[in-house]
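Undergrad:
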Amino acid sequence: MKTPYKLTPLHDWHQHHGGQLSDVNGWIRVTSYGDLKSELDTARQLVAVCDVTPLSKIDIQGQHSNDLLVKVSACTMRGIGRCMSIRSLDEEFTQAYAVQVTSERFLVLSASEQRQQLCNRLTFAAREWECVHVTDMTSAYAAIRVVGPLSTKLLKKLGPAPVDMMGSDQCVQTTIARVLNVLVRHNGETPAWLLLTARDYGEYVWDCIMAAGQEFGIRPFGISAERVLMREEASSVAVV
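In structure tokens:
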């Protein structure tokens, strides 16, 4: 009997554009589009894009959302539009990245293999309060990572967000290609952005990014390049 697996909303696009596919933690992912060096060079020098939909995405909403995060990580969030790395006090999950979308809404992001562990820990801790709700949104959102020195110029073409004014570890709810997104800036050695958009619009937003990025020499990259970039950046958000 075959083992079940999950597909990202961009799966067909990857197949039609030469993506080399493999099963990674139960998701069919692109390892490369055939030229790892070119993918890395483009990400470091121009702008490149990666499908990171398998990133765990846990939605926390309610009056006691911040209290919940303090309980599991002893970290107090910095305010609306700010993001920070968190770690579990009891080592139930090793690392995560908390995004404060509104005064009472957070998204907690982590590696795909930590999804169930992270969701269970937050759900269990949430029982202490009546007004906090934990929802696994991993499959509900497409996630797109945009990396490179020209990434900010590219995003300015696609929506009204003041991306050139945003610092690292900041976020905003905004429209990209006329679709509502949560946009996170998380820099390493080069500028880097994470777009979270409703799954149904994932391929459309990706196509718009690729079209707008043609003048900047954009190209997609797979998880082999992503792993190299994440090691270089010592990023707290492991996405593969």
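Here the sequence shown is numbered in our numbering, starting from 1 and rising by one per residue.
Virtual Cβ for every residue (Gly too), placed ideally from N, Cα, C.
1) Can you tell me the Cα-Cα spacing of ARG115 and MET137, whole angstroms?
2) Give me, in chain order, the residues of the same chain whose beta-carbon lies closer than 7 Å to that of THR3; leave out the 5 immediate sequence neighbours on both sides.
3) Alpha carbons only, please: which of GLU232, MET210 and GLN61 is nearest the one belonging to VAL132?
4) Please state whether the Cβ-Cβ distance between THR31 and GLY222 is less than 8 Å.
5) Determine the direct distance from the alpha carbon of SER85 to that of HIS186, and round the result to whole angstroms.
6) Just list the beta strand (DSSP E) runs in the region 142-202, keeping only unbroken ones of 3 residues or longer that don't cross its boundaries, in chain order.
7) How far does the alpha helix (DSSP H) with ILE60 in it extend, from its first residue to its last?
8) Which value, in whole angstroms, describes the spacing of the CA atoms of LYS37 and LEU109?
9) What's the gap between the Cα of CYS208 and the Cα of GLU128?
10) Which residues mark the beginning and the end of the alpha helix (DSSP H) in which HIS11 is found?
11) Please work out which residues of its chain come closer than 7 Å, Cβ to Cβ, to SER236, disregarding the five sequence neighbours upstream and downstream, and give them in chain order.
TA: This is what the structure holds:
1) 10 Å
2) none
3) GLN61
4) yes
5) 11 Å
6) 170-176, 179-185 and 192-198
7) Per DSSP, ILE60 belongs to no alpha helix (DSSP H); it is in the beta strand (DSSP E), 56-61.
8) 28 Å
9) 43 Å
10) 11-16
11) Confidence at SER236 is low in this model, with a pLDDT of 43, below 50, so its placement is unreliable and no value can be given for it.
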